[in-house]
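**Q** Here's a structure for you.
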Amino acid sequence: MIRWLVSVVINAIILIVVAGFFDSFQLSGIGAAIGASFILSVLNVLVKPFLILLTLPVTILTLGLFLFVINAITLMITEGLMGDAFIIDGFGTAMLAAIFISILHLMIQKGIVEPYKNKNR
1 MIRWLVSVVI
11 NAIILIVVAG
21 FFDSFQLSGI
31 GAAIGASFIL
41 SVLNVLVKPF
51 LILLTLPVTI
61 LTLGLFLFVI
71 NAITLMITEG
81 LMGDAFIIDG
91 FGTAMLAAIF
101 ISILHLMIQK
111 GIVEPYKNKN
121 R
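Per the numbering used here, numbering of the sequence shown is gapless, rising by one per residue and ending at 121.
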């Protein structure tokens, strides 16, 4: 449970960073970032596996690059559920944000999480 809460907070911080880079990706505040992060984590558990299974042939043909489209779709669903607190101006922005979010997650994983795990062994 604590690991999941930390993940929600880290995702909220990443969303705030992304909102700082893209004018067409807007959050109304920290509460909106935490809410969007919570919704994204629920969608990643409930909806994303279904979308991956549904689009498996395309994902295989694109060597996994279609996963960015799936991530953009989950961002757009989150935007729809959040209302005016979270605004993405178009699918192109959602795609760029999904790529940017993935890169930030990778940087956090490789730069912070893995060295911390290796240090505690």
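C-beta atoms are modelled at their ideal positions from N, C-alpha and C, and glycine is treated no differently.
1. Exposed or buried, what is residue 35 when buried is set at 16 or more other beta-carbons lying within 10 Å of its beta-carbon?
2. Are residue 78 and residue 43 closer than 8 Å when you measure CB to CB?
3. Count the other C-beta atoms from every protein chain shown that fall within 10 angstroms of the C-beta of residue 86, then say buried if there are 16 or more, exposed otherwise.
4. Could you check the C-alpha separation between residue 47 and residue 119 for me, to the nearest Å?
5. Would residue 29 pass as an interface residue toward chain C - the criterion being a Cβ-Cβ separation below 8 Å?
**A** Taking the structure as given:
1. Reading the sequence shown from its first residue, position 35 is the one you call residue 35. Burial state of residue 35 is buried, judged by a 10 Å Cβ sphere holding 16 or more other Cβ atoms.
2. Counted from its first residue, the sequence shown places residue 78 at position 78. Counted from its first residue, the sequence shown places residue 43 at position 43. Yes.
3. Mapped onto the sequence shown, residue 86 falls at position 86. Counting other Cβ atoms within 10 Å of its Cβ, residue 86 reaches 16 or more and is therefore classed as buried.
4. Counting from one through the sequence shown, the residue named residue 47 turns up at place 47. Counting from one through the sequence shown, the residue named residue 119 turns up at place 119. Taking the straight line from one Cα to the other gives about 35 Å.
5. Given the protein chain composition of this structure (a single chain), no chain C is represented.
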